[in-house]
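One line per chain: the protein sequences are A and B, in this order. Residue 288 in this note's numbering sits at position 270 of the first sequence; the count goes up by one each step and never skips. Residue 348 in this note's numbering sits at position 64 of the second sequence; the count goes up by one each step and never skips. One structure below.
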Amino acid sequence: MFGTAVIVFREVLEAAIIIGIIAAATRDVPGRKRWLTAGLLAGLAGSAIVAASTDAIGSLASGIGQELFNAIVLGIAVLMLAWHNIWMSSHGAELASHARAVGADIREGRSECSIIFLVVGLAVLREGSETVLFLYGVAASSSGTTSTMLAGGLTGMLAGVALGYAIYAGLLRVPMRWFFAATAVLVLLLAAGMASQAARFLIQADVLPSLASPLWDTSALLPEHSLPGMLLHSLVGYDARPAGMQIVFYVAVLAAIVIGMKWANRPRKFINQAGAI
Amino acid sequence: MKFLLLIALLFSFTASAEDAGYVLVIKDHRFQPAELAIPAGKKIKLTVENRDATPEEFESHALNREKVITGNGSATIYIGPLDPGRYPFFGEFNEATAQGAIVVK
Chain A
19 MFGTAVIVFR EVLEAAIIIG IIAAATRDVP GRKRWLTAGL LAGLAGSAIV
69 AASTDAIGSL ASGIGQELFN AIVLGIAVLM LAWHNIWMSS HGAELASHAR
119 AVGADIREGR SECSIIFLVV GLAVLREGSE TVLFLYGVAA SSSGTTSTML
169 AGGLTGMLAG VALGYAIYAG LLRVPMRWFF AATAVLVLLL AAGMASQAAR
219 FLIQADVLPS LASPLWDTSA LLPEHSLPGM LLHSLVGYDA RPAGMQIVFY
269 VAVLAAIVIG MKWANRPRKF INQAGAI
Chain B
285 MKFLLLIALL FSFTASAEDA GYVLVIKDHR FQPAELAIPA GKKIKLTVEN
335 RDATPEEFES HALNREKVIT GNGSATIYIG PLDPGRYPFF GEFNEATAQG
385 AIVVK
């Protein structure tokens, strides 16, 4: 039962952290709760479908379908998180100060809602399908009875959800003047970490060269399967033995989003200054 | 934009792996062979055949690889080029018994 709990916790953790951060980052977006729930449910439904078609997905593209699928899911999530951060850097402050009526913002708010839906759905989809497969395996094998499996799975899931909620609740306590900077940095690192993971799948599939593998090895110092290692992996994309190409992806996404945020922020500042005059 | 060009360039550079493949079999939640010797400095193609009815996840922190293999299914994983050494791997879904290592010589 304990083994089941640990594995489910590991799978749930990453999705829970992503949802916690996104839920906090979009606290002032109208109707976000509905979209969070919808994303969660769609992700769960998708997990079952992906798990059931693992064979079909895996055999696509001459055996590298699973890697391509994971890389694409991660890639879309990176784009959505980038879009979110850039959109927030130009509209977030207004949303928070309620300077503008909710009605005027609804068109732009709607696009933010579809981002919430997609990011949450994709996070649940990726981690959920593996959990479904694992639990199916445990249920099908004779080693454990169904009730202990369910208890283990539930324990692991609750622990993961609790951690995600702790991050969410913790972020909401951050004072307002630092709140946007704090969530923007978290989302930024989340996106860069996902890009690095996508690169790893493409290297595994032999679609991209590794450049250097590994570029460094900190597994003795901070192993990836330890709890701090797992947390850092989910939060900032920590990898104890990253390939050179993963770092290229990480830095490129980091730089692209920062430039995008700076660019989006510029016109608003100008208008504010003009308004002050 | 420059980054995209770089990626496109690297795609064309991607050398295809050595055709000489290696096979790993999963049976009764154990890897056979438990130790697989491969040459150093070469990229190899590893085929993992799962002869159990339940799914398994091939995972290795040392190799930085993870891949789900369905029950009675098989999967291809590219590994290397690596320096000489011992690189442990395990089956995440049955970690108690599914243990093994790639030995690079």
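Think of the CB as a built atom: it goes at the ideal place given N, C-alpha and C, for glycine as much as any other residue.
Using the three-state DSSP reduction, which class does residue i fall into: helix, strand or coil?
i          : result
Val-120(A) : No answer about Val-120(A) holds up, because its pLDDT of 47 lies below 50 and its placement is not dependable.
Tyr-186(A) : helix
Pro-246(A) : helix
Ile-82(A)  : coil
Val-47(A)  : coil
Asn-348(B) : coil
Tyr-6(A)   : The question about residue 6(A) has no answer, for chain A in this structure spans 19 to 295.
Val-192(A) : coil
Arg-52(A)  : helix
Thr-149(A) : helix
Gly-305(B) : strand
Leu-330(B) : strand
Lys-280(A) : helix
Arg-314(B) : strand
Ala-209(A) : helix
Val-26(A)  : helix
Ile-36(A)  : helix
Ala-95(A)  : helix
Val-225(A) : coil
Ala-324(B) : coil
Against chain C, does residue i count as a neighbour if the rule is that its beta carbon must be under 8 Å from one of theirs?
i          : result
Gly-369(B) : You won't find chain C in this structure, because its protein chains are A and B.
Please confirm whether residue i and residue j have their CB atoms less than 8 Å apart.
i          : j          : result
Leu-181(A) : Leu-31(A)  : yes
Gly-6(A)   : Ile-275(A) : Residue numbering for chain A in the displayed model covers 19 to 295; residue 6(A) lies beyond these limits and cannot be assessed.
Glu-85(A)  : Phe-267(A) : no
Leu-54(A)  : Val-352(B) : no
Glu-319(B) : Gly-384(B) : yes
Ala-337(B) : Asn-356(B) : yes
Ile-310(B) : Val-388(B) : no
Glu-242(A) : His-345(B) : yes
Leu-96(A)  : Val-271(A) : It is Val, not Leu, that sits at residue 96(A) in the sequence shown. In contact: Val-96(A) and Val-271(A) (Cβ atoms closer than 8 Å).
Met-263(A) : Pro-232(A) : no
Ile-134(A) : Arg-191(A) : no
Glu-333(B) : Ser-358(B) : yes
Ala-216(A) : Gly-93(A)  : yes
Gly-255(A) : Gly-211(A) : yes
Thr-164(A) : Ala-157(A) : yes
Leu-330(B) : Leu-308(B) : yes
Ile-386(B) : Tyr-371(B) : yes
Thr-354(B) : Thr-72(A)  : yes
Ala-43(A)  : Gly-278(A) : no
Val-24(A)  : Gly-171(A) : no
Cys-131(A) : Val-205(A) : no
Leu-143(A) : Val-203(A) : no
Tyr-145(A) : Ala-56(A)  : It is Glu, not Tyr, that sits at residue 145(A) in the sequence shown. No.
Ala-169(A) : Met-19(A)  : yes
Ala-223(A) : Ile-82(A)  : yes
Val-137(A) : Ile-40(A)  : yes
Please list, in chain order, the residues of the region 46-73 of chain A that have any C-beta partner in chain B closer than 7 Å. For the region 46-73 of chain A, the set of residues with a beta-carbon nearer than 7 Å to any beta-carbon of chain B comprises Thr-72, Asp-73, in chain order.
Is it true that the region 231-246 of chain A meets the region 61-81 of chain A, where meeting means three or more beta-carbon pairs spaced less than 8 Å apart? Verdict: no, contact absent.
With three or more beta-carbon pairs closer than 8 Å as the criterion, would you say the region 96-109 of chain A touches the region 48-64 of chain A? Too few Cβ pairs lie closer than 8 Å, so no.
Taking only beta carbons into account, state which residues of the region 235-260 of chain A come closer than 8 Å to chain B, listed in chain order. When C-beta distances to chain B are compared with 8 Å, the residues of the region 235-260 of chain A below that value are Ser-237, Pro-241, Glu-242, His-243, Asp-257, Ala-258, Arg-259, Pro-260, in chain order.
Please list the residues of the region 84-99 of chain A that have a C-beta atom closer than 8 Å to any C-beta atom in chain B, keeping them in chain order. The region 84-99 of chain A vs chain B, Cβ under 8 Å: Gln-84, Glu-85.
Check distances from the C-beta atoms of the region 199-224 of chain A to those of chain B and list, in chain order, the residues that come in under 8 Å. Along the region 199-224 of chain A, the positions whose C-beta sits under 8 Å from a C-beta of chain B are Arg-218, Ile-221, Gln-222, Ala-223, Asp-224, read in chain order.
Going along the chain, which residues of the region 132-159 of chain A sit with their C-beta nearer than 8 Å to a C-beta in chain B? Within the region 132-159 of chain A, contact with chain B at the beta-carbon level (separation under 8 Å) is assigned to Glu-148, Leu-151, Phe-152, Tyr-154, Gly-155, Val-156, Ala-158, Ser-159.
With three or more C-beta pairs closer than 8 Å as the rule, is the region 360-378 of chain B touching the region 258-274 of chain A? Taking 8 Å as the limit for Cβ pairs, the verdict is that the region 360-378 of chain B does not touch the region 258-274 of chain A.
Closer than 7 Å, Cβ to Cβ, to anything on chain A: give me those residues from the region 350-378 of chain B, in chain order. Residues passing the 7 Å Cβ filter: Lys-351, Val-352, Thr-354, Gly-357, Ala-359, Thr-360, Ile-361, Tyr-362, Glu-376, Phe-377.
Which residues, in chain order, does the region 316-347 of chain B contribute to contact with chain A at a C-beta distance below 9 Å? Taking 9 Å as the Cβ-Cβ cut-off against chain A, the residues of the region 316-347 of chain B that qualify are Lys-327, Lys-329, Thr-331, Asp-336, Ala-337, Thr-338, Pro-339, Glu-340, Glu-341, His-345, Ala-346, Leu-347.
Is the region 173-180 of chain A touching the region 189-197 of chain A, taking contact as three or more C-beta pairs under 8 Å? Between the region 173-180 of chain A and the region 189-197 of chain A, the count of Cβ pairs shorter than 8 Å is below three; the stretches do not touch.
Could you pull out every unbroken beta strand (DSSP E) segment of at least 3 residues lying fully inside the region 341-386 of chain B, listed in chain order? The beta strand (DSSP E) runs of length 3 or more contained entirely in the region 341-386 of chain B are, from start to end of the chain, 349-353, 358-363, 369-375.
Going along the chain, which residues of the region 160-192 of chain A sit with their C-beta nearer than 8 Å to a C-beta in chain B? Going along the region 160-192 of chain A in chain order, one finds no residue with a Cβ nearer than 8 Å to chain B.
Between the region 19-33 of chain A and chain B, which residues of the former have a C-beta closer than 8 Å to a C-beta of the latter? Flagged, chain order: Gly-21, Ile-25.
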